[in-house]
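Peer 1: The opening position of the sequence shown corresponds to residue 1 in UniProt numbering, with each subsequent residue numbered one higher. For every residue, glycine included, the Cβ atom is placed at its ideal position computed from N, Cα and C. The structure follows.
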Amino acid sequence: MRPPSTTIRGAISRGAAGDGAKPKPSPSHREGLCHRARRPLPAMDTFFLSHGSPAICIDERIPAHSFFKSWLPAAVAGAQAPRAVLVVSAHWETDAPAVNVVRGTNDTVHDLPGLPDELYKLRYPAPGAPGLARRTKELLEGAGFGPVSEEHGRGLDHGAWVPLMLMFPEADVPACQLSLQTGRDGAYHYNLGAALAPLRDEGVLVLGSGTATHNLSQLGPLDAPVPQWAADFDAWLRDALLDGRYEDVKRYKEKAPQAEVAHPSPEHIYPLHVALGAAGDEARAELIHHSWTNATFSYSSYRFTKKI
């Protein structure tokens, strides 16, 4: 694994201990702060990141590799660095909401077969965030999404550790995962995210991790041309988000061109709905990255900022 990015490390350090601030807390201390902010904090934006291929961790030919390593300083500019991260990954599906409750460090779950050996050797020992898990459970159950189960033996799947490894290479930010319910629809996941909105005011980065277009049966070589159906869906999603047509985004299966081809199953787009819902009904969407690999992996990624 490559050395930590000094740019990202510097941004985190400045955010956590700027002029007149206390020194950056240890992971265990930060975990205690995750449950409730002890003082008002600037609201965090929420994000949807297209993680695409797990090889993004090691393959610099993938354009999104450099984006994942460099976007964080701009994302937290003018705000305190996140106290913890709540990741909604495409790779954890349950019938009802569940959170992973980890004391100590998260295990690195290698949940895809057939990957290069180098990927299986990677470890991302981010601290767990049991306080954030409890707070997430409290918010969801208070909004009628309960019961929320606790998974004590589950670590971070590749939908979580792949982006986090590039964003926080020192693995020093506590991380917690929340599952998806793929038997439900986009509106359900949007409302699930809306229930989590208070976390943004408590120093928690809410991160949806999926892929803007995801059809494994249609993958090609790394530099293969993008088929029209993938380009059409990706453009529709971009325009709908930037135009604020969030009701259409919730109903993407009915509204978007080529929706069933772009997402034969919904697990890679529902994290977007959660991140969007957590930002609020009048949030502003911003496209922060756009690139393609393997013909049909769109790495389109978005930032959602609450309207002030």
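Tell me which residues share the same chain as Arg123 and place their Cβ nearer than 8 angstroms to its Cβ, disregarding the 5 neighbours each side in the sequence.
Peer 2: Thr108
Peer 1: Please list the terminal residues of the continuous alpha helix (DSSP H) segment that includes residue 309.
Peer 2: With the chain covering only 1 through 308, there is no way to say anything about residue 309.
Peer 1: By how many angstroms is the C-alpha of Thr182 removed from the C-alpha of Tyr299?
Peer 2: When rounded, the separation of the alpha-carbon atoms in Tyr299 and Thr182 is 21 angstroms.
Peer 1: Are the segment 156 to 163 and the segment 136 to 148 touching, with three or more C-beta to C-beta distances below 8 angstroms?
Peer 2: Between the segment 156 to 163 and the segment 136 to 148, the count of Cβ pairs shorter than 8 angstroms is below three; the stretches do not touch.
Peer 1: Given a threshold of 16 other Cβ atoms within 10 Å of its Cβ, counted over all protein chains shown, does Thr293 qualify as buried or as exposed?
Peer 2: buried
Peer 1: Which class does Arg38 belong to by DSSP, given the choice of helix, strand or coil?
Peer 2: In this prediction, Arg38 has a pLDDT of 46, which is less than 50 and means its spatial position is unreliable; what the coordinates show is noted afterwards. Residue state, collapsed to three classes: coil.
Peer 1: With DSSP as the reference, please indicate the residues paired to Trp292 in a beta bridge.
Peer 2: Residue pairing from DSSP places Trp292 in a beta bridge opposite Ser298.
Peer 1: Say whether the segment 43 to 55 touches the segment 198 to 207, bearing in mind that this needs 3 or more beta-carbon pairs closer than 8 angstroms, one atom from each stretch.
Peer 2: yes
Peer 1: Does His152 pass the burial test, meaning 16 or more other C-beta atoms within 10 Å, or should it be called exposed?
Peer 2: exposed
Peer 1: Which word fits Tyr120, buried or exposed, when buried means at least 16 other C-beta atoms lie within 10 angstroms of its C-beta?
Peer 2: Tyr120 is exposed by the Cβ-count criterion.
Peer 1: Under the three-state reduction of DSSP, which class applies to Val274: helix, strand or coil?
Peer 2: helix
Peer 1: What's the gap between the Cα of Gly131 and the Cα of Gln228?
Peer 2: The straight-line gap from Cα to Cα measures roughly 45 angstroms.
Peer 1: For the beta strand (DSSP E) that Thr46 lies in, which residues bound it at each end?
Peer 2: Thr46 to Ser50
Peer 1: Buried or exposed: Glu260, going by 16 or more other Cβ atoms within 10 Å of its Cβ?
Peer 2: exposed
Peer 1: Skipping 5 residues on each side, what residues in its chain have a beta carbon closer than 6 angstroms to that of Trp236?
Peer 2: Ala256 and Pro257
Peer 1: Starting from Gly244, trace the beta strand (DSSP E) in both directions and tell me its first and last residue.
Peer 2: That residue, Gly244, is in no beta strand (DSSP E); it is neither H nor E in DSSP.
Peer 1: Pull up the distance between the alpha-carbon of Arg30 and that of Gln218, whole angstroms please.
Peer 2: Residue placement at Arg30 cannot be trusted, given a pLDDT of 46 that sits under 50; the coordinates are not used to answer.
Peer 1: By Cβ distance, which residues of its chain are closer than 6 angstroms to Ile58, with the 5 residues on each side in sequence left out?
Peer 2: Glu118
Peer 1: Taking only beta-carbon atoms, is Ala231 less than 7 angstroms away from chain C?
Peer 2: Within the model displayed, chain C is absent; a lone protein chain is all it includes.
Peer 1: Could you give the distance in angstroms between the alpha-carbon of Leu272 and the alpha-carbon of Thr296?
Peer 2: 18 angstroms
Peer 1: Could you tell me which whole beta strand (DSSP E) segments of length 3 or greater appear in the segment 152 to 226?
Peer 2: 175 to 180 and 204 to 210
Peer 1: Tell me which residue opens and which closes the beta strand (DSSP E) that Glu254 is part of.
Peer 2: Here Glu254 belongs to no beta strand (DSSP E); instead the alpha helix (DSSP H) covers Tyr252 to Lys255.
Peer 1: Closer than 7 angstroms by C-beta to Val162: which residues in its own chain qualify, once you throw out the five before and the five after it? Chain order, please.
Peer 2: His51, Pro54, Ile56 and Cys57
Peer 1: With DSSP as the reference, label Arg83 as helix, strand or coil.
Peer 2: coil
Peer 1: Counting Cβ pairs, one atom from each stretch, are 3 or more of them under 8 angstroms apart for the segment 184 to 201 and the segment 238 to 245?
Peer 2: In short, these stretches do not touch, since the Cβ pair count stays below three.
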